[in-house]
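4 protein chains.
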Amino acid sequence: MLILMKNSATREDLIRVKKKIEGLGYRAHEIPGAQRTAIGITGNQGKVDPDLFATMSGVEQAIPVSKPYKLVGRDAKPENSRIDVGGETIGGPELAIIAGPCSIESWEQLIATAKAVKDAGAKFLRGGAFKPRTSPYTFQGMKEEGLVLLREARAQTGLKIVTEVKDILTLPAVAEVADVIQIGARNMTSFGLLEAVGDLRTPVLLKRGISSTIEELLMAAEYILARGNLNVILCERGIRTFEPATRNTLDLNAIPVVKKLSHLPIIVDPSHGIGLWEGVTAMALAGVAAGADGIMIEVHPHPSEALSDGSQSLKPERFKELVEKVRRVAEVVGRTVSPVSPGVAG
Amino acid sequence: MLILMKNSATREDLIRVKKKIEGLGYRAHEIPGAQRTAIGITGNQGKVDPDLFATMSGVEQAIPVSKPYKLVGRDAKPENSRIDVGGETIGGPELAIIAGPCSIESWEQLIATAKAVKDAGAKFLRGGAFKPRTSPYTFQGMKEEGLVLLREARAQTGLKIVTEVKDILTLPAVAEVADVIQIGARNMTSFGLLEAVGDLRTPVLLKRGISSTIEELLMAAEYILARGNLNVILCERGIRTFEPATRNTLDLNAIPVVKKLSHLPIIVDPSHGIGLWEGVTAMALAGVAAGADGIMIEVHPHPSEALSDGSQSLKPERFKELVEKVRRVAEVVGRTVSPVSPGVAG
Amino acid sequence: MLILMKNSATREDLIRVKKKIEGLGYRAHEIPGAQRTAIGITGNQGKVDPDLFATMSGVEQAIPVSKPYKLVGRDAKPENSRIDVGGETIGGPELAIIAGPCSIESWEQLIATAKAVKDAGAKFLRGGAFKPRTSPYTFQGMKEEGLVLLREARAQTGLKIVTEVKDILTLPAVAEVADVIQIGARNMTSFGLLEAVGDLRTPVLLKRGISSTIEELLMAAEYILARGNLNVILCERGIRTFEPATRNTLDLNAIPVVKKLSHLPIIVDPSHGIGLWEGVTAMALAGVAAGADGIMIEVHPHPSEALSDGSQSLKPERFKELVEKVRRVAEVVGRTVSPVSPGVAG
Amino acid sequence: MLILMKNSATREDLIRVKKKIEGLGYRAHEIPGAQRTAIGITGNQGKVDPDLFATMSGVEQAIPVSKPYKLVGRDAKPENSRIDVGGETIGGPELAIIAGPCSIESWEQLIATAKAVKDAGAKFLRGGAFKPRTSPYTFQGMKEEGLVLLREARAQTGLKIVTEVKDILTLPAVAEVADVIQIGARNMTSFGLLEAVGDLRTPVLLKRGISSTIEELLMAAEYILARGNLNVILCERGIRTFEPATRNTLDLNAIPVVKKLSHLPIIVDPSHGIGLWEGVTAMALAGVAAGADGIMIEVHPHPSEALSDGSQSLKPERFKELVEKVRRVAEVVGRTVSPVSPGVAG
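Protein chains in written order, with the working numbering: chain H, 1 to 346; chain U, 1 to 346; chain R, 1 to 346; chain P, 1 to 346.
Okay, here's the thing in structure tokens:
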């Protein structure tokens, strides 16, 4: 059930509706919108009678919702959500350009990459400190030490930090540094972790699980919104199919489909989506053309020496060319890429 | 084995090499290139000794090939193939814009669509006369009568005709009308049919099978080239995955991968690739941004009344908008879309 | 629409109903059953009024059918179909044991295998004369010569012949020799070929397409039954998934699902289903335990020298052990395997 | 690297080898076998020189291992692992029969099911207290209260308890009650959780992820063994494919493949594997025929009222029939099912 409030509804109207919902033993979720506020009701077993709310002051309409998700749906909020990340916005007209190494390997590697991607036009630095890896015997990241380096890189460049959380135990450490907390594909159904980041207000970058449907991605986001954290950015990063020539199959169909169903922003990760550096630029352009709200690109000063994902990482100069092309495709679809300030990387 | 001829090789050199190949009991396939000619050897069991050719006049190099395909590979022909379709070129700088109804339903429907898509910038009219359908009880196309209508539509508009062949029995009738013979996804592994179109010289649009790998697509093309028909255009039209929200998963990764492996042009069919009309424009733009050599779009004057694929067909006015956006994305990736001649649809 | 006739209906009743159907411009399909006869109506656009038939003599009930298939469904025929193959039955209590080489390579190879599999308990000899192959450069079968050898092997052993048809052009030659015509996975959606075997009365072994759903398999069978050939045996042979360790993923779930939806027999091909000889016996037993009506096994006297599928072929002695185990599992699920006559392979 | 010790090696030999490994900065993992002991070396970057160990007293051989897993592989331990669960063995000749409700819903439901499945021959009671669910709004389990009920059900029936752990936070509570800790499909790549159960010695039932390859399943098990917990039981529960007729595609190919690659026991979950109660018995029999070491079946006294997975749950009487058939298939493949003690359920 969704309660849509009138444009003219007062704060008191809103509070009265929320109290009524809670009095019935349910939970009320306020979903602010540009034009009006909606209130989602969850925690009900079975149907809620719309008449209980229809005549209350300030209520426009009480809408039964049949989709399994509520808060992430367009019904709850018709206009696009814009997520504020310390002054930068994801989901507005300007595309989010996120770039950096797969794993943080050293201060030299991190700061060189950070300066280079900023120079190319990125506003966000990605870099993994805790790395979930298929094998227990491969490099698991620099861990806490990596977080320290990320903090310092932000101090020196002003880039916002996007970094992955591996599990609940290390969430507090990650949350202290991250401007955006990334939930990786392997954790999309770690519901305890979703609930834990739902209790924060830090923006969350939620990657689609490797074989998750679009609806399951939206349900995972719903877990986070249901706990009160509305700052969720979705990410298409490729799904598992029978095709062996590429690491994953980047499902760009997901962009227009998510845009239709949900108000949340969605970005594209072409580095994992194709897994071959020669194809990353093509797929980044394709993602932007399909309507994505941003791109996340793996960049490494020396891909052949990278401790992880070297074969899909771009050199800084190639990334710079990529951003210039992205800027031009963005214009065609009514989006922008922030101009590069001269002398940044000085 | 591939024999690369020198730039300076004469026609006599070439003939001598081919005779030697045939004298060994193998088949020689001449593959003309912009800079030089290559000769593919097939029919050999086991390895062919490169020294047999290395010292012959006009021979640059004899290269053993380990990939399962030979004639479709970049090794055989480093530069992109440009397929001539009665004066129009597919695979050159200008994108091929192919549009029309899924099935031909009537003269009125066909000619209205043909004029509208020409007016919007298309140079090729697609339309199915013979329709392979999952159910024996659904509309199977207008068959021979549809071919007559296609011929007349070409006469009136000058559009080139792209139409599907269903089986070997109806190939002669289709081949008489088609400027491009389409092999549908369900027939990508009908090897007898591949051989039969390989014996023609009419250009062939070969769609990727619904669960075929990229390598299998290239092998299917190899069947056609091996019979002497070098005029093959590949088409990515979506693969089958676990995702239920879309009809197929358009695998745009296939574009840069094919471009790397093969000299053949590849176009994108976003109508089947997503199966939802609201997403067709986004995916057409994405396909062009990814480097496709053209797009094929289902257009119908009244999609809700279409006998097949109505839910993924665009109205003519929406198709026109699509082409205008495609034109602008094309520029970013160094391609063009032909200007619309004023007064075409008069 | 299905017309169920009463047990007591006469031949005249039946003919009157069929004439009425044809008089309406539809097609009538007689589906004989153990208890009663059903008549399927196809060719109708839109619904047929049940009242047109309900009061006719001999009619028990007129049932509108919502599933896309009619003739293959349990609604049309509640009891299992038993397909007669020259005196042997597929779909009855006795399991069909089909075995032989992937490709016929020589008389010595074929007759040695034939005698060995007969000695082990097989009643059917499989062997490919026309081989659809992914590459145009690999062995395509002995073709007509292979058919001659199959005929001779039948004459010497009494085994029934199961052999694949590759396309419509070679169907007449194959049909002349085959006791069961096999349609391979790559041809499951070659609708012209399905119609052509539908016009025959020879039993057809229809393999599930490599990425076909169970419903699509039933629809392909419907194409054959709709032309009047009711003698269709389905075959689960593995589907394409993301798992690289096995050639295909044998989907044994399909056995109970098909048994619920359709009256047609279904057998299992574990050789293609797993693609590794060490796993063939395990998967054959699993298929029988799941309720399959038979098994088809690749057997080769010298697997390491086979021209195709050597890695999934069993040696004769291993096949014999397999059949003995199958016999014991068969008993548990209420099925039998024919006893081996002493001295057969003399 | 694996160090295989001689049969005649003494405890002192073993300790000397382990000290040498640790002295090099690596980790040593003792893997006891029936005939001899192996020592796995992990933590090395790059190759370890076999000559360092080859001449030490008691060392048979030092084997470089190229597979990504070491401890779970047959190289490390040629004979099957038998996991002791409080006196019951999983992985020996006797099949493990695990049954019970998807979710614990009440004491009445749990104890009725427990008595019924024991009466039918089960030795293990499954039941979820913490339920990972796709939607935040559906029943999440009775949590701690459910664990109390499980403990009481064990006290009354003697059945061993198999129950799922949802995340690290609730692991201590689950571990206190569980005889076998289940890691669900959605958590197969929650590496922090894998490490945490690796630090325990309680047996772990590790389910294959919904789109995990067999190798990834083995790698997930390797995470647990690498921390010292050798008591891992694998579980095939169906993978995600394009087939919509069943909840998952039970990949029984995985049984013979895992048996070849690993010494760990593997059981089958046909309830999730097909997701339709009518097919559960067929697939349980198929799993046993394929060589599984046990089965896990969802049983509910009133499936239509179940709070989760009702459509795939069996009634107790049907489960009893299933076990009787399993017993007979087990005999064919050289396995046993424990006889039912008379008067158990009294």
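Backbone N, C-alpha and C fix where the C-beta goes; we use that ideal spot for every residue, glycine too.
- Against chain H, the CB of Tyr137 (chain P) has a partner CB under 7 Å away; the residue lies at that interface.
- Only Arg240, Thr241, Phe242 and Pro244 from the stretch 237 to 250 of chain H bring a Cβ to less than 8 Å from some Cβ of chain R.
- If you ignore the 5 residues before and after Gly43 (chain R), its C-beta comes within less than 8 Å of the C-beta of Gly25, Tyr26 and Arg27, all in its own chain and listed in chain order.
- Taking Val148 (chain H) as the centre and dropping the five residues before and after it, the same chain places no C-beta closer than 6 Å to its C-beta.
- DSSP assignment within the stretch 140 to 217 of chain P yields the following whole alpha helix (DSSP H) runs of 4 residues or more, N-terminal first: 144 to 157, 171 to 177 and 191 to 198.
- Counting only the Cα atoms, Ile83 (chain R) lies some 53 Å from Glu222 (chain H).
- Ala292 (chain P) sits close to Val268 (chain P), with the two beta carbons spaced by under 7 Å.
- Following the DSSP letters along the chain, one finds Leu4 (chain P) in no alpha helix (DSSP H) but inside the beta strand (DSSP E) bounded by residues Leu2 to Met5.
- Distances from the CA of Ala34 (chain R) to each of R:Ile168, R:Gly127, R:Lys6 and R:Leu171 were compared; the closest alpha carbon is that of R:Lys6.
- Under DSSP, Gly100 (chain P) shares a beta bridge with P:Glu298.
- Excluding its 5 nearest sequence neighbours in each direction, Glu144 (chain P) has C-beta neighbours in its own chain below 8 Å: Ala129 and Ala173, listed in chain order.
- The C-beta distance from Ile210 (chain H) to Cys235 (chain H) rounds to 12 Å, too long to fall under 8 Å, and the pair is not in contact.
- Just so you know, the alpha carbons of Arg318 (chain R) and Val162 (chain U) end up roughly 53 Å apart.
- Here His263 (chain R) carries a coil assignment [DSSP, helix/strand/coil].
- Taking 7 Å as the cut-off, the Cβ atoms of His272 (chain U) and Arg237 (chain U) count as close.
- Among the CB atoms of chain H, one or more fall inside 7 Å of the CB of Met219 (chain P).
- The beta-carbon of Ala120 (chain R) is placed no less than 7 Å from the nearest beta-carbon of chain P.
- The C-beta distance from Arg186 (chain R) to Pro132 (chain R) rounds to 5 Å, short enough to fall under 8 Å.
- Scanning the stretch 228 to 262 of chain U for uninterrupted beta strand (DSSP E) segments of 3 residues or longer gives 232 to 236, listed from N- to C-terminal end.
- Residues are counted here when their Cβ sits less than 8 Å from a Cβ of chain U; for the stretch 194 to 225 of chain H these are Ser211, Thr213, Ile214 and Glu215, given in chain order.
- Secondary structure within the stretch 3 to 39 of chain P: the alpha helix (DSSP H) runs of 4 or more consecutive residues, fully enclosed, are 11 to 23 (chain order).
- If you look at Glu278 (chain H), you'll find it in the alpha helix (DSSP H) that goes Trp277 to Ala289.
- Apart from the 5 residues on each side of it in sequence, Ala220 (chain U) sits with its Cβ closer than 7 Å to the Cβ of Met188, Thr189, Leu194 and Leu206 in its chain, given in chain order.
- Residue environment: Arg126 (chain U) is assigned as buried (16 or more neighbouring CB atoms within 10 Å of its CB, all protein chains considered).
- Among the CB atoms of chain H, one or more fall inside 7 Å of the CB of Lys325 (chain U).
- Judged by DSSP in its simplified three-state form, Leu322 (chain U) adopts helix.
- Burial of Thr113 (chain U) is indicated by the presence of at least 16 other C-beta atoms within 10 angstroms of its C-beta.
- If you draw a straight line from the Cα of Leu252 (chain U) to the Cα of Glu176 (chain R), it is about 46 Å long.
- Residues of the stretch 44 to 77 of chain U that bring their beta carbon within less than 7 Å of a beta carbon in chain R comprise Pro68, in sequence order.
- Contact of Pro132 (chain P) with chain H is assigned, a C-beta pair being separated by under 7 Å.
- According to the DSSP assignment, Glu305 (chain R) belongs to no beta strand (DSSP E), since it is labelled neither H nor E.
- Using a Cβ-Cβ cut-off of 8 Å, Asn80 (chain U) is close to nothing in chain H; its nearest Cβ partner there is about 15 Å away.
- Residues of the stretch 93 to 119 of chain P with a C-beta less than 8 Å from any C-beta of chain H: none at all.
- Within chain R, the residues whose beta carbon sits less than 7 Å from that of Val329 (chain P) are Ala289, Val329 and Val332, listed in sequence order.
- Residues of chain U with a Cβ closer than 9 Å to the Cβ of Asp84 (chain R) do not exist; the shortest Cβ-Cβ separation is about 24 Å.
- In the DSSP assignment, the residues bridged to Glu88 (chain R) are R:Val85.
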